[in-house]
Amino acid sequence: MTQTLVVLGAQWGDEGKGKVVDLLTDRVDVVARFQGGHNAGHTLVIDGRKTVLHLLPSGILHAGVECIIGNGVVLSMAALLREIHGLEERGLQLRDRVRVSGGCPLILPSHIFLDQARETTNRGGGKIGTTGRGIGPAYEDKVGRRAIHLAMTRNESDFSARLEELLDYHNFLLRHWYQQEEVDFAEARDEMLGQARELRPMIADSVDILHQRREAGHKILFEGAQGSLLDIDHGTYPFVTSSNTTSGAAATGSGFGPLHLDRVLGVAKVYTTRVGDGPFPTELFDATGEHLAKRGNEFGSTTGRSRRCGWFDAQAVRLATRINSISGLCLTKLDVLDGLERLKVCIGYREGSARDDSGQLQPVYEELPGWRESTNGARALEDLPANARAYIRFIEDTVGAPVDIISTGADRAETIILRQPFD
Ligand code: GDP
Ligand code: IMO
Ligand code: MG
7 MTQTLVVLGA QWGDEGKGKV VDLLTDRVDV VARFQGGHNA GHTLVIDGRK TVLHLLPSGI
67 LHAGVECIIG NGVVLSMAAL LREIHGLEER GLQLRDRVRV SGGCPLILPS HIFLDQARET
127 TNRGGGKIGT TGRGIGPAYE DKVGRRAIHL AMTRNESDFS ARLEELLDYH NFLLRHWYQQ
187 EEVDFAEARD EMLGQARELR PMIADSVDIL HQRREAGHKI LFEGAQGSLL DIDHGTYPFV
247 TSSNTTSGAA ATGSGFGPLH LDRVLGVAKV YTTRVGDGPF PTELFDATGE HLAKRGNEFG
307 STTGRSRRCG WFDAQAVRLA TRINSISGLC LTKLDVLDGL ERLKVCIGYR EGSARDDSGQ
367 LQPVYEELPG WRESTNGARA LEDLPANARA YIRFIEDTVG APVDIISTGA DRAETIILRQ
427 PFD
């Protein structure tokens with residue numbers, strides 16, 4: 007029996023993790039985020055109504071489900087409150103079931119300015135195309151052992167002293183390194199203390215809660231953000247995010263032991279997208295790329311930027327399968343391929359590997375026939391055209407992991423479940 011499941015992205019993010027997490031949440035008691043921050047944008051569509059979540063776990067729309075933000079997440083209190091207020095305006099009750107680890111490092115206003123300054127001046131070692139949410143600088147401070155944790159806001163005078171010291175350092179960088187405006191300490195302190203007071207009832211010992219739930223037999227889902235190829239260690243460095251996005255982080259970012267993680271579901275689109283800069287071996291610059299972007303509505307859920315589109319890269323997803331121990335795949339956006347005459351799948355590169363950042367990789371493609379019929383909304387494998395089934399089987403064989411779920415539309419209901427991950 008599966009009690010705990012990790013759901014994570016097997017490509018460069020935006021694979022459809024939010025939809026799948028929401029869908030699987032009808033089987034679980036707890037959903038936990040363990041890395042990243044509000045750089046994530048996870049889209050849920052339920053009966054035609056769209057919700058985009060950045061920080062709250064994608065189980066939040068299910069009444070009674072406990073939602074945990076683990077210690078591995080870098081926390082913008084402002085972004086979390088914005089999201090909470092937005093959902094409350096829609097009538098959702100959530101304050102008694104959102105629990106935020108006191109160990110979350112805080113994203114300060116200065117982190118956001120530092121992130122943006124690095125991207126827009128020539129003093130940052132080259133543009134990454136970040137989401138501009140302060141994620142990189144916040145993780146730098148965590149690793150530099152000078153971050154302010156959420157729990158440290160409880161002692162307000164101690165918090166103020168820490169903030170003043172850290173802002174001194176950030177302001178030095180902003181002024182002298184980037185020639186930018188400084189951040190006002192008193193303004194930042196008052197703003198953050200107000201946010202901290204509102205969040206205080208939600209601060210929790212998430213490690214203890216997760217273990218208590220596990221011991222009580224509750225089902226727990228760990229929701230990844232970003233994708234495996236954006237992992238700080240295993241991704242296309244330096245064009246990556248600043249956290250480990252791979253399954254090991256589900257343990258370190260939540261305090262759960264790795265042997266308590268039963269299965270890992272890797273989510274991948276049946277083609278590839280990437281937002282931001284960096285290598286993308288199967289990227290298309292032609293009419294097919296435009297077709298994918300248009301049919302797939304490929305605009306970033308967080309920044310609204312156009313996503314770059316290309317063929318499915320089985321070599322990249324095979325790497326993700328290895329580094330995450332992916333036990334099953336969820337393939338999304340099958341419907342976007344409807345109407346394409348020929349499909350290509352990258353089965354390897356002429357040289358190098360998916361991690362090579364030279365940008366010179368030459369994909370080796372296998373060509374498969376497409377299909378004319380619509381797969382949109384299909385809920386059973388038998389409803390798919392033979393060529394679509396063959397395409398999925400080809401991906402399964404080439405990647406080397408079984409396909410458990412196929413998504414055929416953005417809505418929660420537009421899904422084919424071949425093997426229920428929680429059975
Ligand atoms: P996430 O970051 O992995 O949660 O993915 P995003 O929400 O950023 O991006 C995925 C996009 O594809 C969202 O707009 C979803 O509503 C949409 N989506 C998810 N699954 C499907 C699918 O099977 N078909 C189509 N057409 N859209 C989908
Ligand atoms: P979800 O969870 C896609 C990308 C940015 C940039 C790089 C670093 O919705 O899949 P950062 O702001 O993290 O320092 O940016 O990572 N990136 C994402 N791309 N989906 C995401 O999240 C992403 N979060 C960050 O575009 O290339
Ligand atoms: Mg997204």
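Just so it is clear: in the sequence shown, position 120 is 126 by this note's numbering, and no numbers are missing.
Idealized CB from N, CA, C, for every residue including glycine.
The model shown is predicted, which means the values in this text are computed figures rather than measured ones.
Contact check, residue i vs residue j under 8 Å by CB: the rounded distance?
| i | j | result |
| --- | --- | --- |
| R219 | V36 | 5 Å |
| R96 | E72 | Contact flag wrong, Cβ pair sits at about 19 Å. |
| T10 | D268 | 5 Å |
| V270 | S333 | 5 Å |
| T126 | N45 | Contact doesn't hold; Cβ gap of about 17 Å is too wide. |
| A320 | E21 | Not a contact, Cβ separation roughly 14 Å. |
| A394 | T381 | 6 Å |
Can residue i and residue j be called in contact, C-beta distance under 9 Å?
| i | j | result |
| --- | --- | --- |
| V276 | L337 | yes |
| G76 | F40 | yes |
| L173 | L114 | yes |
| L340 | G272 | no |
| T252 | P369 | no |
| L67 | V106 | no |
| K350 | W377 | no |
| A326 | S260 | no |
| T421 | L227 | no |
| F262 | L298 | no |
| G284 | T258 | no |
| H48 | A231 | yes |
| T404 | E373 | no |
| S64 | E229 | yes |
Cβ of residue i versus every heavy atom of ligand 2: is any distance shorter than 8 Å?
| i | result |
| --- | --- |
| G306 | yes |
| W6 | Nothing in the structure corresponds to residue 6, since the chain is present only between 7 and 429. |
| G406 | no |
| D121 | yes |
Please tell me whether, using a cut-off of 8 Å, the distance from the CB of residue i to the nearest non-hydrogen atom of ligand 3 is below it.
| i | result |
| --- | --- |
| D237 | no |
| H182 | no |
| G230 | no |
| K6 | Residue 6 lies beyond the stretch modelled for the chain, which goes from 7 to 429, so this question has no answer here. |
| H217 | no |
At a cut-off of 8 Å, is residue i close to ligand 1 when judged by its beta-carbon and the heavy atoms of the ligand?
| i | result |
| --- | --- |
| R299 | The residue you asked about is not Arg; residue 299 is Ala in the sequence shown. Answer for A299: no, Cβ out of range of ligand 1. |
| H240 | no |
| D20 | yes |
| L64 | The residue asked about is misnamed: residue 64 is Ser in this sequence, not Leu. Yes, Cβ of S64 sits closer than 8 Å to a heavy atom of ligand 1. |
| L424 | no |
Would residue i pass as an interface residue toward chain B - the criterion being a Cβ-Cβ separation below 9 Å?
| i | result |
| --- | --- |
| F119 | Protein chains in the displayed structure number just one, and chain B is not present. |
Contact between the region 340-357 and the region 20-27: three or more CB pairs below 8 Å? These segments do not touch.
What are the uninterrupted segments assigned as alpha helix (DSSP H) that are 4 or more residues long and contained completely in the region 76-134, given in chain order? Qualifying alpha helix (DSSP H) stretches, in chain order: 83-95 and 115-126.
The region 126-144 in contact with the region 242-260 per 3-pair CB rule at 8 Å: yes
At least 3 beta-carbon pairs within less than 8 Å: the region 158-174 vs the region 190-209: yes
Is the region 82-90 in contact with the region 57-65, if contact means three or more CB pairs nearer than 8 Å? yes
Length-filtered (3 minimum) beta strand (DSSP E) runs lying within the region 194-251: 226-229
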